[in-house]
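Asks: Heads up: the protein sequence lines correspond to chains V, B and A, in order. For the first sequence, position 38 (counting from the first letter as 1) is numbered 1281 according to my numbering, and the numbering increases by one without interruption. For the second sequence, position 226 (counting from the first letter as 1) is numbered 234 according to my numbering, and the numbering increases by one without interruption. For the third sequence, position 289 (counting from the first letter as 1) is numbered 443 according to my numbering, and the numbering increases by one without interruption. Glycine included, C-beta positions come from ideal geometry on N, C-alpha and C. Bear in mind the structure is a predicted one, so any value in this text is a computation, not a measurement. Structure below; questions to follow.
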Amino acid sequence: MRKYSPILLLFILILFPIAVRDHYHQHLMILVLMWVVIGSGWNVIAGYTGQVSFGDAAFFGTGAYTAGLFVTKLGISAWWGMLFGGIAAMAIAFPFGWICFRLRGAYFALATLALNEVMRHIATIWESLTDGMVGILVMQTFVSKVPYYYIALGLAVISVIGVQIIMGSKWGYYFVSIREDQDAAESLGINTHYYKMLSLNVAAFLTGMAGALFMNYMGFIDPEVVFSLHDISIMAILVGIVGGVGTLYGPVVGAFVMVAVHEFFRTGFFGFFKGIAALTGSDMITVFAKYVMQAHVLGFGILVVLVILLLPNGIVGDWNLIVKKIFPVKTREVTS
Amino acid sequence: MSLFEIKNLVKYFGGLAAVNNVSFKVEKGEIFGLIGPNGSGKTTMFNLISDYYNPTSGKIYFKGEDITGFKTHKICRLGIGRTFQVVKPLGRMSVLDNVIAAAFSRVNTKHQAHDLAMETLEFCELVHRKDVLAKSLPIGERKRLEITRAMATKPELLLLDETAAGLNPSELDAAIELIKRIRDKGVTIIIIEHIMKVIMTISDRIHAINFGQTIAEGTPQEMANSPAVIEAYLGEEYAHS
Amino acid sequence: MEVFLQTLVSGILKGGLYGLIGMGMSLIMGVMGIINLAHGALMMVGMYITFACFTYAGIDPYLTIFISMPSLFLLGMLIQKYTLNPLMEVESILPENQVLMTVGIAMVLTEVARFVFSSDYKSVRTSYSGDTFFIGDISFSVALVAAFFIALAFTLCMFWFLLKTDLGRSIRATAQDKDAALLMGVNSKRITILTFGLGSALVAAAGTILMPVYYLFPDIGGPFTRKAFVITILGGLGSTVGAIFGGLTLGLAEAFGATYIGMAYDDMIGLLIFILVLLFIPGGFKRLLKV
Ligand SMILES: Nc1ncnc2c1ncn2[C@@H]1O[C@H](COP(=O)(O)OP(=O)(O)OP(=O)(O)O)[C@@H](O)[C@H]1O
Ligand SMILES: [Mg+2]
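Next comes the structure, spelled out in structure tokens:
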């Protein structure tokens, strides 16, 4: 059963846009698939290699801007960005990793945070290239959401399978060895600096591709959106952690959950409070509902705190722990 | 030409000379013991050889080549394997995966690495534990995993740092037997050990240091009779008896 | 020349404040080994306390130090006790989950501030906010000079505390070697809680004395967190003396950058320094000064 569940899931995902025709849910699913790609990338560098990135937006935004600039500056299709966005992100990741991985400890995490900010500043200040805060607007290729859905699905499947292949190879063993003990890894002949770089570049490539997909799909980007610390970098971490750190399907679960949660806050618990306000006619609840809808960052913050406290290894990673908490009696029977 | 040689090796930590002008040669195929009281600089010497620290001065030669300052991973690939006194298992990987990761230093495909790892696990008699997470092994088996992992990198020279410490008597005999089998495979060994039974029975030659300085070198027999060693290392009781 | 001197002066004045901000961060870094990414948010809370006391109770902003510091000391201790310390016990794959936690806390603090005070810019304007005096042709803002000397006083007090008191010595011992400190009977949990409180109180003080000449909005924490970690990296992770030098360097660099390159690059300059330090002096000033 376990073996076939990925195939079953893929089957459902292929049928989804045929079964569910309304644009809103198709839109959400496209976002989920995009986050599967980003989450998989984050998981490679952070979950498997143990080098936590706080600045995935740097790669995401680079990919998105590459795709956008292809249209505005070179006059070629933004779809080329799908490949070159990934490559551009790697071009950032390469020198960056080379500098940061010479040092151990907190440096890398901080440097990614700094990179995130630097890239946002560059995109804002370099107006002759990027149009600064105005952003980039391109014509969308398709009116329907369905083609985007299948492109996103293809990308997500490629990411998951790609990560699976990498993790089953020498690279994967080396990544996890570095996470577990860098000294031991070196003593086993692993060039830790080089393999951390490789891992970061895999992550950057996937994230850059997701950025290019975002540009193509949304048709509009600006520095605040694609280089956003909260909505991209922190979201990427949450997708990575909530699903399961260092597990293949963790990012898939994480993407579903986090897009749902994001939407949940954004819509004020799917209009729950709005409904109550309309029902009771209470002014206070109307105000409250309005606030809840604005407060999705607060919700995210609380979620970060709770997830790290209670589920540091995510739903897939801490599955046994969750089961134990919910069904304490049952597991006791099993262990005894 | 000796297989391995260190010349006038010095390492200062701030004002403290942890290793102070030590030289020795190790010949191919021998088991070379390194002894000294706690804090005398033995582990530091291994860390200098595998480039965890840069020596303050001095040279290290392996097969005639000056390897001083070579990166740790490169030294492993040249054929010097090591274990850690404070064991460093790759905790959340299975025992087999620990050894596969090491085997990848010699082969490139998963298949070959798996075979080499299984072969090594069998040689080191740890194969029955292959699916256990490394962090859940008891200390005796962790030490054995250290050796297994180092062996999977196919070393010509193996540095063992107190791999017998903390073992019970039967484990101790098994460890001695394993070390001898490794030697019989043609691997040269430098071994740090406090347990006299181990060091005296398996070493061909022994080098003793105290406060980072050489105090004696010779066969186990010569060491047992050396006043300097008896006083510094075995303690006063032995010196008087 | 005049421009140069004026820039130098404003850089040094700013640098003194930055030193105070960086010191709180360095203390926490030293003892817990983590970068506190909620540092700027804690400063923001301190600033709102000053703003509220001034606006609603008419208390002079400098006097509100006696409210903002204890409040933040308490808040910091609570954060450490109930969110960071529990993480030491859970087994997690990611080494940085304490740092992540501080990110979450920063988000919560920022949004709560937005809920209470809205996103609007707030400021505290006293009768002396705009006062200046001159030495030669160089103008000095009274409030900034006052802030500089208060920051200096706090910094000196901190050094006295760390060097001369038992508690201070325990903190330094824990920062140097956790295990050894534990063996010597230092209660490391208590130390971490006190340290986080202290670091928060220091940054609150910095926020408070900045209020008469600065403005305030909920997201102000982010840029200050970035400044603080640039200072900490510059100073060498965990070094309090280094943090002072780091603060001065950043203050000067920002001042000269704003004068000679352009205001828009303010935040970029810090980040540029960060990258340069990583490239050329990876250990920060701590390594250069051997402190
Ligand atoms: N990284 C370091 N920094 C400072 N001093 C160190 C460091 N590593 C070792 N030392 C010091 O160097 C000396 C030698 O230590 P070393 O670990 O080499 O001793 P050892 O002979 O292996 O002792 P043991 O038998 O207890 O393992 C000790 O005084 C130790 O405190
Ligand atoms: Mg030792």
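Hey, ALA1300/V and ALA1455/V: beta-carbon distance below 8 Å or not?
Replies: No, the pair does not count as a contact, with Cβ atoms beyond the cut-off.
Asks: Could you name the residues of the same chain whose beta carbon sits closer than 8 Å to that of LEU1396/V, not counting the 5 residues immediately before and after it, in chain order?
Replies: So the list reads LEU1256, ILE1257, LEU1276, once near-sequence residues are dropped.
Asks: Anything in chain B within Cβ reach of LEU1431/V, meaning under 7 Å, just list it in chain order.
Replies: What LEU1431/V touches in chain B: CYS84, ALA109, ALA110, SER113, ARG157, THR161.
Asks: Per DSSP, what kind of secondary structure is GLN221/B in: helix, strand or coil?
Replies: The answer is strand: DSSP assigns GLN221/B an E or B state.
Asks: Could you work out which residue in ALA1336/V, TYR1438/V, TYR1460/V, HIS1436/V is closest to PRO1390/V when comparing CA atoms only?
Replies: Closest by alpha carbon: TYR1460/V.
Asks: Using a beta-carbon distance below 8 Å, is VAL253/A in contact with chain V?
Replies: Judged by the 8 Å Cβ criterion, VAL253/A is in contact with chain V.
Asks: Can you give me the C-alpha to C-alpha distance between ILE187/B and GLY396/A, rounded to a whole angstrom?
Replies: Answer to the nearest angstrom: the Cα atoms are 50 Å apart.
Asks: Check whether the segment 77-94 of chain B touches the segment 1418-1431 of chain V, counting contact only when three or more Cβ pairs, one atom from each stretch, lie closer than 8 Å.
Replies: In short, these stretches touch, since the Cβ pair count reaches three.
Asks: Which of helix, strand or coil does DSSP assign to ILE1319/V?
Replies: Looking at ILE1319/V - three-state DSSP - the assignment turns out to be coil, as it is neither helix nor strand.
Asks: Just list the residues that DSSP pairs HIS215/B with in beta bridges.
Replies: Looking at the DSSP assignment, HIS215/B forms a beta bridge with LEU42/B, GLU225/B.
Asks: When you compare the CB of ASP105/B with every CB in chain V, is at least one pair closer than 8 Å?
Replies: So yes, ASP105/B belongs to the interface.
Asks: Could you name the residues that DSSP lists as bridge partners for LEU1380/V?
Replies: Looking at the DSSP assignment, LEU1380/V forms a beta bridge with PHE1463/V.
Asks: Go through its chain and collect everything with a Cβ distance to LEU1312/V's Cβ below 6 Å, but skip five positions before and after it.
Replies: Closer than 6 Å at the Cβ level, and outside the excluded window around LEU1312/V, lies no residue.
Asks: Can you confirm whether GLU243/A, when its beta carbon is compared against all beta carbons of chain V, has any partner nearer than 8 Å?
Replies: Not an interface residue.
Asks: Do the segment 228-246 of chain A and the segment 338-354 of chain A make contact, defined as three or more Cβ pairs closer than 8 Å?
Replies: Contact holds: three or more Cβ-Cβ distances are below 8 Å.
Asks: If you measure from the beta carbon of THR1574/V to each beta carbon in chain A, is any gap under 8 Å?
Replies: Any reading at THR1574/V needs caution, since the residue's pLDDT is 39, under 50, leaving its predicted position unreliable; the model's value is listed next. No, its Cβ sits nowhere closer than 8 Å to a Cβ of chain A.
Asks: Looking only at C-alpha atoms, which of ALA1307/V, ASP1561/V, ILE1394/V sits nearest to VAL1496/V?
Replies: That would be ASP1561/V, whose Cα lies nearest to the Cα of VAL1496/V.
Asks: Determine, using beta carbons only, whether GLU408/A comes closer than 8 Å to chain V.
Replies: Chain V contact via Cβ: absent.
Asks: Which two residues bound the contiguous beta strand (DSSP E) that contains ILE199/B?
Replies: Its beta strand (DSSP E) spans residues 196-200.
Asks: Please report the residue range of the alpha helix (DSSP H) in which THR161/A lies.
Replies: Looking at the DSSP string, the run of the alpha helix (DSSP H) that includes THR161/A is 156-186.
Asks: When you measure from the CB of LYS138/B to every non-hydrogen atom of ligand 1, does any distance come out below 7 Å?
Replies: The answer is no for LYS138/B.
Asks: Cβ of LEU24/B within 7 Å of any heavy atom in ligand 1?
Replies: Yes; taking the cut-off as 7 Å, the Cβ of LEU24/B has a heavy atom of ligand 1 nearer than that.
Asks: Applying the 10 Å Cβ sphere with the 16-neighbour rule, what's the burial state of PRO97/B?
Replies: Result: buried.
Asks: List the residues of chain A that ILE1409/V touches, going by C-beta distances under 9 Å, in chain order.
Replies: None at all; the shortest Cβ gap to chain A is about 18 Å.
Asks: Can a CB atom of chain V be found closer than 8 Å to the CB of VAL257/A?
Replies: Chain V, which has a Cβ nearer than 8 Å to the Cβ of VAL257/A, makes this yes.
Asks: Given that GLU1423/V touches chain B, what residues does it touch there, using C-beta distances under 7 Å?
Replies: In chain order: LEU98, GLY99, ARG100, MET101.
Asks: For LYS446/A, does the count of other Cβ atoms within 10 angstroms reach 16, so buried, or fall short, so exposed?
Replies: Beyond the ends of chain A as shown, which are 155 and 445, falls residue 446/A; an answer cannot be given.
Asks: Check whether the Cβ atoms of VAL1548/V and GLY1462/V lie closer than 8 Å to each other.
Replies: Against a cut-off of 8 Å, the Cβ pair of GLY1462/V and VAL1548/V comes out as no contact.
Asks: I'd like to know whether the C-beta atoms of ARG157/B and GLU149/B end up nearer to each other than 8 Å.
Replies: In this structure, GLU149/B does not lie closer than 8 Å to ARG157/B by Cβ.
Asks: Residues in the same chain with beta-carbon distance under 7 Å from PHE208/A, minus the five sequence neighbours each way, listed in chain order, please.
Replies: Counting only Cβ-Cβ distances below 7 Å, and skipping sequence neighbours, we find PRO215, THR218, VAL278.
Asks: Measure the C-alpha to C-alpha separation of LEU24/B and ASP320/A and round it to an integer number of angstroms.
Replies: Answer to the nearest angstrom: the Cα atoms are 28 Å apart.
Asks: Would you mind reading off the limits of the beta strand (DSSP E) that contains VAL27/B?
Replies: From DSSP, the beta strand (DSSP E) with VAL27/B extends over 24-34.
Asks: When we look at the beta-carbon of PRO372/A and count the other beta-carbons within 10 Å, is it buried (16 or more) or exposed?
Replies: Buried is the call here.
Asks: When DSSP labels each residue in this structure, what does GLY1454/V get in the three-state scheme?
Replies: The answer is helix: DSSP assigns GLY1454/V an H, G or I state.
Asks: Rounding to the nearest angstrom, what Cα-Cα distance links VAL445/A and ASP274/A in this structure?
Replies: Reliability fails at VAL445/A, whose pLDDT of 41 lies under 50, so the model's placement of it is uncertain and the value that follows must be treated cautiously. If you take the alpha carbons of VAL445/A and ASP274/A, they lie about 43 Å apart.
Asks: In chain order, what residues have a CB nearer than 7 Å to some heavy atom of ligand 2?
Replies: Taken from the N-terminal end onward, the list reads LYS50/B, THR51/B, GLN93/B, ASP169/B, GLU170/B, ILE200/B.
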